[in-house]
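Written out below as C-alpha cells is the structure these notes cover.
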Amino acid sequence: QEEQSTHLDVAIDENAFRGAVERYLDENKPDALCRQQMESWTFEWTQQQDDDEEKNRPNHDSPNFHDGINTNAKDVLTQSKNNKCLAGLLVWKGPYVVLHLNTRCCWTGDVKGSLLFQCWARAEFLDAPADKKNNSNNNIDNDKKENAVRNKMIARLKQDTYIQKLLSSKSAGQAQQQPSAAWMEVCDASILHDRVGSSTSEGVPPHDRLEERVHWTENTVEAIRRAVFSHAESTLDVLDLIVSFPFLPTTTSQGLKQQTTKLADRAKLRLLEDALLQACEQEEEEELVHELHIGKKSKQQNIP
C-alpha cells in the first residue's frame, strides 16, 4: 500500500513580525532616526492557503507566482510525501506608504530536502488618520501644519521614479490596471540538498547533490527602502530585514510553532551573500571612477 501524501499549510503568529524587527534592532544597533522609523511601523498578516487559486495564482490582482527557478527542486518537492507551505500577504505600514508583500514558501525536509521561496511587492499611499481629518478647536493649527507636511512628503514620494513602479493603479492615478506596475518581484530562492546516485557498478556512485539558486531585484528593494525604510543605509539592510521576516521559515524565526527548516537558513544566507557581493562590486566601480577623476585633476594641474 502506497504511503499517503500529506500537505501542511503553516500559520504565522502576527506578532512574529514585530519580533523580527526587535531582533534586527538588537543585532544591528541602528542610529536613533532609523530606530524611531522602525518602531513606528505596524504589520498585518493574512494567511492564504497555498492551493487557493483565487489568491495565489495569476489574475488581475495577484503576483504572477512562477513554479520556481530550479526544476530539480520543484520535482523533489512535488514527489515528496510530506511537504509544508507558508503563503500570505503582509501589510507593512509606514507613515506615508503602505507596502504589500505577497509571499509563498514551500519546502520538504530540514537539513536535506527542497525549498522554493518567492516574494513580491506593491505599494499605495496611506490616507491621513481619521483623528487628523476631524480637527478639534484645540489642535486645529497643529493638524493643519501636520497635514501640510504630510501632503508635501507624499507629493515628493509620488515623484520618485523607484516608488512609482511599486504603486497600484489607484495610487498612481492610472485609468487602467497595469500588472507590471502593480506587482514587482523582490526576491526568490530555490534550495535542493539531497543524495542521488546508485550503488550499482553501472550507475553514478551515490553522492550529495546541492543546488542553490537565488535572485533579488535591486530596483524593487531600493523602492521599498525609499517608501518605508528611508533611514536604512543601503538595499542590503532592507533585504536583510525582509528575509528575517517569518514568511521565510528560518530556524531563528519565531511564531511558527517549530515549523522551520535549515533549508530556509541557506536561502537567506545565499540571498544576502549575493546582495553583499553586488554591493562590493559597485563600491569597487565607484572607487575606480573616483580614482580616474583624481588622475584627470592632477594631470590638469601639472599642465604649464
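If you're matching positions, the sequence shown starts at 1 in our numbering and goes up one per residue. Note that CB positions come from ideal geometry on N, CA and C, so glycine has one too. Given the structure is predicted, the values throughout are model-derived calculations rather than measurements.
Check                                                                                                                                                                                    : Outcome
So what's Thr-251 in DSSP terms, helix, strand or just coil?                                                                                                                             : coil
Taking DSSP as the reference, what is the three-state secondary structure of Gly-113?                                                                                                    : strand
With a CB to CB cut of under 7 Å and the five nearest residues on each side skipped, what residues in its chain are close to Tyr-162?                                                    : Asn-219, Glu-222, Ala-223, Arg-226
Would you check if the distance between the CB atom of His-100 and the CB atom of Leu-90 is smaller than 9 Å?                                                                            : yes
Can you tell me which of Leu-276, Leu-263, Pro-246, Ala-20 puts its alpha carbon nearest to the alpha carbon of Trp-216?                                                                 : Leu-276
Let me know if Ala-32 comes out buried or exposed under the rule of 16 or more other beta-carbons within 10 Å of its beta-carbon.                                                        : exposed
Please tell me whether Thr-252 and Arg-23 are closer than 9 Å, where the distance is taken between their beta carbons.                                                                   : yes
Which residues in the same chain have their Cβ closer than 7 Å to the Cβ of Asn-15, if we skip the five residues on either side of it in sequence?                                       : Gly-255
Look at the alpha carbon of Ala-20 and the alpha carbon of Glu-212, and state the distance between them as a whole number of angstroms.                                                  : 25 Å
Using a threshold of 9 Å, state whether the C-beta atoms of Val-243 and Leu-271 are closer than that.                                                                                    : yes
Less than 9 Å between the C-beta atoms of Ala-128 and Arg-156, yes or no?                                                                                                                : no
Out of curiosity, what's the CA-to-CA distance linking Arg-57 and Val-204?                                                                                                               : For Arg-57, the predicted structure reports a pLDDT of 39, less than 50, and the residue's modelled location is therefore unreliable. The matter cannot be settled from this model.
Once you ignore the five residues that flank Ala-175 on each side, which residues in its own chain have a CB closer than 7 Å to its CB?                                                  : Bear in mind that a pLDDT of 41 at Ala-175, under 50, signals an unreliable position, so the number given afterwards is only what the model happens to contain. Closer than 7 Å at the Cβ level, and outside the excluded window around Ala-175, lies no residue.
According to DSSP, Leu-192 sits in a beta bridge with which residue or residues?                                                                                                         : Ser-114, Glu-211
Go ahead and pull the three-state DSSP assignment for Glu-14.                                                                                                                            : coil
Looking at the secondary structure, which residues open and close the beta strand (DSSP E) in which Thr-46 lies?                                                                         : 42-48
Compute the Euclidean distance between the alpha carbons of Phe-17 and Glu-39, then round it to the nearest angstrom.                                                                    : 12 Å
Could you give the C-beta distance for Asn-72 and Leu-263, rounded to a whole number, given that I count them as a contact under 8 Å?                                                    : Not confirmed; about 14 Å, so no contact.
Give every residue of the same chain whose Cβ lies closer than 6 Å to the Cβ of Thr-103, excluding the five residues on either side of it in the sequence, and list them in chain order. : Cys-119, Phe-247
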